[in-house]
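Trainee: One structure coming up, written as structure tokens, with questions to follow.
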Amino acid sequence: MKTKSKKFWSGLRDFTGITIGCIIFGISYSWFLIPFKVAPGGIGGLAGVLYHLFGFPAGTSMIVINIPLFVVAWIFLGKQFGLRSFFGMLVGGFFVDLLSPHFLYENTNFLKHMINTQYWALTDNILLASIAGSVLLGFGLGIIFRFRGSTGGTDIPVAILKQYTGISIGTGYWVIESLIIFFIGIVFNDLNLIIWGYLNLFITTQIVDLTAEGVPYVKGAYIVSKNENKIRNRIIDELDRGITVLHSEGGYTGKPQNVLFCVVSRRQVALLRKIVKEEDKSAFMVLTDVNDVMGDGFKTRMLDLQEVK
């Protein structure tokens, strides 16, 4: 009974989070990006093309184009992600149409005095629209991914890359969206849209990574020192971190030596430097960013998109 209750509340939390992300997603496209034909690629960009060329509702177009990709998500990422993708696909497209300035202007008094009827947007400045739309889009998508969902489209192949290769969500977007950005520029015969598209893509991917995965907060340290035992003991006692001793050989001397490896939080880096310098001023230490870490004392940044058994 407890297990079913836990799954229910967990599912409710996820779908609530996805809905919030979809609202932000809809605002970003309808209020800022689609009116200026700007998009970071993706199904939203293709839907924008259909909207400006044929007058098709952008949100509805997103849903129609997404149906085959939903099937792919169900097959490769499991029914849990597939269900969330289907939900995000419908709700995301719904809010793109529901929150469009044109719809709001004709059917409500909400923001009516703020809507620019020349562009049907909240601003007539393409730079402001691109930046605001990019930030909101990245934030919305990041929230959706954080709750193991998707709005469909290129989110699905990006999620597959994330799941099976471990690359960041942002990098996956760069690979897939570039082709669509060029397509949009060619269709509208406007190379400026390619520039705006890449600006949008850059900002969006950064915000997506920060929102979905958080800021990398750990550092890996490799330390070579003649006083390795003292350094090792102080790291264990003062930083409360484990140490791995790697047996190696000096490339120049050919003599055996040990390399200490540990992972610390960013706020512990200063104390780590202090410990190493106090024990051995000639010590050699390399600090590197750690994309993800699993284990006692750390919280993983990886997204588990597999079906919950």
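Each number in the working numbering corresponds to the 1-based position in the sequence shown with 1461 added.
Just so you know, even glycine gets a beta-carbon here, dropped at the ideal spot from N, CA and C.
1) Can you name, in chain order, every residue of its own chain whose Cβ lies under 7 Å from the Cβ of V1596, other than the five neighbours on each side?
2) Cβ atoms of V1510 and I1605: under 8 Å apart, would you say?
3) Please list the segments of the alpha helix (DSSP H) lying wholly inside the segment 1508-1560, counting only runs of 4 or more residues, in order along the chain.
4) Alpha carbon to alpha carbon, what distance is there between P1496 and L1654?
5) Whose C-beta lies closer than 6 Å to the C-beta of F1517 among residues of the same chain, with five residues either side of it excluded?
6) I need the straight-line Cα distance from Y1405 to L1507, nearest angstrom please.
7) Is E1638 buried or exposed, if buried means 16 or more other CB atoms sit within 10 Å of its CB?
8) In this structure, how does DSSP classify D1765 when only helix, strand and coil are distinguished?
9) How is T1612 classed by DSSP in three states: helix, strand or coil?
10) Could you pull the start and end residues of the alpha helix (DSSP H) that W1692 belongs to?
11) Could you tell me the distance, in whole angstroms, from the CA atom of C1483 to the CA atom of G1703?
12) When the Cα of M1746 is compared with those of F1486, R1727, A1682, L1598, which residue comes out closest?
13) Assign Q1729 to buried or exposed, taking buried as 16 or more other Cβ atoms, counted over all protein chains shown, within 10 Å of its Cβ.
14) Using only CA atoms, which one of N1527, F1600, G1472 lies nearest to F1547?
15) Less than 7 Å between C-beta atoms, sequence neighbours within five positions excluded: which residues of the same chain meet that for I1481?
16) The beta strand (DSSP E) with P1682 in it runs from where to where?
17) State the Cα-Cα distance for the pair Q1579 and L1588, rounded to the nearest angstrom.
18) Does the Cβ of L1766 have 16 or more other Cβ atoms within 10 Å, making it buried, or fewer, making it exposed?
19) Report the rounded CA-to-CA distance for E1768 versus V1737, giving the unit in angstroms.
20) Go to N1568, then tell me how far its alpha helix (DSSP H) extends in each direction, as first and last residue.
21) Within 10 Å of its beta-carbon, does D1585 have 16 or more other beta-carbons around it, so buried, or fewer, so exposed?
22) List the endpoints of the continuous beta strand (DSSP E) containing S1709.
23) L1588 lies in the beta strand (DSSP E); which residues open and close that run?
24) Kindly provide the ranges of any beta strand (DSSP E) runs that are 3 or more residues long and lie completely inside the segment 1653-1678, ordered along the chain.
25) In its own chain, which residues sit with a C-beta less than 8 Å from the C-beta of S1611, not counting the 5 before and 5 after it?
26) Can you tell me whether DSSP reads F1476 as helix, strand or coil?
27) At what residues does the alpha helix (DSSP H) containing V1730 begin and finish?
28) If you measure between the beta carbons of S1591 and N1661, is that distance less than 8 Å?
29) Going by the CB atoms, is the gap between Y1678 and R1727 shorter than 8 Å?
30) Measuring only the C-alpha atoms, how far is S1471 from Y1713?
31) Output the distance between the C-alpha atoms of N1650 and I1641, rounded to the nearest integer angstrom.
32) Just the Cα atoms here: how many angstroms apart are L1565 and F1515?
Mentor: Quick answer:
1) Against the sequence shown, residue 1596 aligns to sequence position 135. Closer than 7 Å at the Cβ level, and outside the excluded window around V1596, lie I1664, I1668.
2) The residue you call residue 1605 lines up with position 144 of the sequence shown. The residue you call residue 1510 lines up with position 49 of the sequence shown. No, Cβ-Cβ distance for I1605 and V1510 is not below 8 Å.
3) Listed in chain order, the complete alpha helix (DSSP H) runs (minimum 4 residues) inside the segment 1508-1560 are 1519-1559.
4) By one-based count along the sequence shown, residue 1654 stands at place 193. By one-based count along the sequence shown, residue 1496 stands at place 35. Linking L1654 to P1496 through their CA atoms gives a straight-line distance of about 12 Å.
5) The count along the sequence shown starts at 1 and reaches residue 1517 at position 56. Shown here for F1517: same chain residues with a beta carbon closer than 6 Å to its own, the five before and five after excluded, namely L1511 in chain order.
6) Beyond the ends of the chain as shown, which are 1462 and 1770, falls residue 1405; an answer cannot be given.
7) Residue numbering aside, residue 1638 sits at position 177 when the sequence shown is read from its first letter. Counting other Cβ atoms within 10 Å of its Cβ, E1638 reaches 16 or more and is therefore classed as buried.
8) Here residue 1765 is taken as the residue at index 304 of the sequence shown, counted from 1. The predicted position of D1765 is uncertain, since its pLDDT is 48 and thus under 50; a value taken from the coordinates is nonetheless stated next. Coil at D1765, not helix or strand.
9) The residue labelled residue 1612 in the question sits at position 151 within the sequence shown. T1612: coil per DSSP, three-state reduction.
10) Position 231 of the sequence shown, counting from 1, holds the residue named residue 1692. Note that residue 1692 is Ile in the sequence shown here, rather than Trp. From DSSP, the alpha helix (DSSP H) with I1692 extends over 1689-1695.
11) Working through the sequence shown from its first residue, we reach residue 1483 at position 22. Working through the sequence shown from its first residue, we reach residue 1703 at position 242. Separation of C1483 and G1703 (C-alpha to C-alpha, rounded to the nearest whole angstrom) is 41 Å.
12) Here residue 1746 corresponds to residue number 285 of the sequence shown, with the count starting at 1. Selected option, being the one with the closest Cα: A1682.
13) Along the sequence shown, one-based indexing puts residue 1729 at 268. It counts as buried.
14) Numbered from 1 along the sequence shown, position 86 holds the residue referred to as residue 1547. It is N1527.
15) Along the sequence shown, read from residue 1 onward, the residue named residue 1481 stands at position 20. Answer for I1481: I1604, listed in chain order.
16) Your numbering for residue 1682 matches position 221 in the sequence shown. Checking the sequence, you will find Ala at residue 1682 rather than Pro. Looking at the DSSP string, the run of the beta strand (DSSP E) that includes A1682 is 1679-1685.
17) Looking up residue 1579 in the sequence shown gives position 118. Looking up residue 1588 in the sequence shown gives position 127. When rounded, the distance between both Cα atoms is 16 Å.
18) Translated into positions along the sequence shown, residue 1766 becomes position 305. Residue placement at L1766 is poorly supported in this model, since its pLDDT is 43, which falls under 50; the coordinates still yield a value, given next. Per the 10 Å Cβ criterion, buried.
19) Walking along the sequence shown from the start, residue 1768 turns up at place 307. Walking along the sequence shown from the start, residue 1737 turns up at place 276. At E1768 the pLDDT is 39, less than 50, meaning the model places this residue with poor confidence and gives no usable figure here.
20) In the sequence shown, counting from the first residue as 1, residue 1568 sits at position 107. That run of the alpha helix (DSSP H) goes 1562-1568.
21) Counting from one through the sequence shown, the residue named residue 1585 turns up at place 124. Exposed, since its Cβ has fewer than 16 Cβ neighbours within 10 Å.
22) What you label residue 1709 is simply residue 248 of the sequence shown in a count that begins at 1. That run of the beta strand (DSSP E) goes 1705-1710.
23) In the sequence shown, the residue the question calls residue 1588 occupies position 127. Segment 1587-1607 is the alpha helix (DSSP H) holding L1588; no beta strand (DSSP E) there.
24) Those beta strand (DSSP E) runs which fall completely within the segment 1653-1678 and span 3+ residues do not exist here.
25) Start at 1 with the first residue of the sequence shown, and residue 1611 comes out as number 150. Around S1611: A1534, F1542, R1545, S1546, G1549, M1550, I1605, I1617, A1620.
26) Along the sequence shown, one-based indexing puts residue 1476 at 15. Helix.
27) For the purposes of this step, residue 1730 is taken as residue 269 along the sequence shown, with counting starting at 1. 1730-1740 is the span of the alpha helix (DSSP H), which, as asked, contains V1730.
28) The residue given as residue 1591 occupies position 130 in the sequence shown. The residue given as residue 1661 occupies position 200 in the sequence shown. Closer than 8 Å, so yes.
29) Position 266 of the sequence shown holds residue 1727. Position 217 of the sequence shown holds residue 1678. Cβ atoms of R1727 and Y1678: closer than 8 Å.
30) Sequence index remark: in the sequence shown, residue 1471 carries index 10 (1-based). Sequence index remark: in the sequence shown, residue 1713 carries index 252 (1-based). Distance between the alpha carbons of S1471 and Y1713 is about 56 Å.
31) For the purposes of this step, residue 1650 is taken as the residue at position 189 of the sequence shown. For the purposes of this step, residue 1641 is taken as the residue at position 180 of the sequence shown. Cα to Cα, N1650 sits roughly 14 Å from I1641.
32) In the sequence shown, residue 1565 corresponds to position 104, counting from 1. In the sequence shown, residue 1515 corresponds to position 54, counting from 1. Taking the straight line joining both Cα atoms gives about 21 Å.
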